[in-house]
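K.L.:
What follows is a structure written as structure tokens; I'll ask about it next.
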Amino acid sequence: MTERDSHGLLHRKLGPGKLVIASHNKGKLREIGELLAPYGIDTVSAGALGVPEPEETGTSFVANAELKARFSADLTGLPALADDSGLCVEALGGEPGIFSARWAELEDGSRDFMEGMRRVHARMQEAGEGAGHDAHFVCALALAWPDGHIESFEGRVDGIITWPPRGNRGFGYDPIFQPLGHGISFGEMEPKAKHAMSHRADAFAKLVSAVF
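Structure representation (structure tokens):
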């Protein structure tokens, strides 16, 4: 079923049944699961279905989210929801951006976001204090159906980079990101408070309005 939203755009509605969460990132799986919980969606992770992670060859958050969603929908025959998100630091020209996960990669191919945060901090020091501390998180959500139809939504939250990292809640770069108007980092914030303002919550609200 499709319906037009308040802007006249046509969206396909998500019907009852299973929804694949096209991610192997435990932090993302947890947050997306918590955001979906009020809607009674029957979710299953791509990993639980044996779906591997595709190579992310897109040049934008939306392109990578759509690539991952289509990959899982094609392999499972089920609707699939994918997230692509990252940290964009103004002093670094928007980096690490779509390469946020790669900045945390170690030589053995594993990921250590503490190392990723150190790299962000080191690069910001090279840029100099005058470059500022402004940053933002971006999240793109893509919902793909097995017939090839796809819906995509993007969210954003602005803030500053802080050092040293603070808090052990959240995941990824959360301990060095302090959202505007708040005195604590995402890493220190209660999950419920983060869900009320995060880039993922922003994108998710747009998705819910359009397809649920």
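Residue -14 is where the sequence shown starts when you use our numbering, and the numbers rise one by one after that.
Virtual Cβ for every residue (Gly too), placed ideally from N, Cα, C.
Could you check if Asp93 is buried or exposed, using at least 16 other CB atoms within 10 Å of its CB as the buried criterion?
P.N.:
As a working mapping, residue 93 is identified with position 108 in the sequence shown. It is exposed - the Cβ of Asp93 has fewer than 16 other Cβ atoms within 10 Å.
K.L.:
Only counting runs of 3 or more residues, tell me where the beta strand (DSSP E) segments fall wholly within the region 44 to 85, in order along the chain.
P.N.:
Whole beta strand (DSSP E) segments, 3+ residues: 65 to 74.
K.L.:
Report the CB separation of Val47 from Ala125 in whole angstroms; it is logged as a contact under 8 Å.
P.N.:
The residue given as residue 47 occupies position 62 in the sequence shown. The residue given as residue 125 occupies position 140 in the sequence shown. Contact holds; Cβ gap of about 4 Å.
K.L.:
When you compare the region 151 to 162 with the region 171 to 186, are there three or more beta-carbon pairs, one atom per stretch, that lie closer than 8 Å?
P.N.:
Yes, they touch.
K.L.:
Determine the contact status of Ala107 and Arg96, defining contact as a CB-CB distance below 7 Å.
P.N.:
Your numbering for residue 107 matches position 122 in the sequence shown. Your numbering for residue 96 matches position 111 in the sequence shown. Going by C-beta atoms, Ala107 is not nearer than 7 Å to Arg96.
K.L.:
Rounded to whole angstroms, what's the CA-CA distance from Ser85 to Leu(-5)? Just pull it up for me.
P.N.:
By one-based count along the sequence shown, residue 85 stands at place 100. By one-based count along the sequence shown, residue -5 stands at place 10. Looking at the two C-alpha atoms, the distance is approximately 32 Å.
K.L.:
On the three-state DSSP scale, how would you describe Gly115?
P.N.:
Taking the first residue of the sequence shown as 1, we reach residue 115 at position 130. It is helical.
K.L.:
Assuming the contact rule is C-beta atoms closer than 8 Å, Ala127 and Ala33 should be a hit. Round their C-beta distance to whole Å, please.
P.N.:
Along the sequence shown, read from residue 1 onward, the residue named residue 127 stands at position 142. Along the sequence shown, read from residue 1 onward, the residue named residue 33 stands at position 48. Between Ala33 and Ala127 the Cβ distance is about 20 Å, and since that is not below 8 Å, they are no contact.
K.L.:
Within a Cβ cutoff of 6 Å, which residues of the same chain sit near Gly157, ignoring the five residues on either side of it in sequence?
P.N.:
Against the sequence shown, residue 157 aligns to sequence position 172. Hits under 6 Å: Phe98.
K.L.:
Tell me Gly140's beta-bridge partners as DSSP assigns them.
P.N.:
Taking the first residue of the sequence shown as position 1, residue 140 is located at position 155. In DSSP, Gly140 forms a bridge with Cys124.
K.L.:
Helix, strand or coil: which one does DSSP assign to Asp159?
P.N.:
Taking the first residue of the sequence shown as position 1, residue 159 is located at position 174. It is helical.
K.L.:
Considering only C-alpha positions, which residue in the set Gly62, Ser45, Ser30, Leu192 is nearest to Gly71?
P.N.:
Within the sequence shown, numbered from 1, the residue matching residue 71 stands at position 86. For the residues Gly62, Ser45, Ser30, Leu192, the minimum Cα distance to Gly71 belongs to Ser45.
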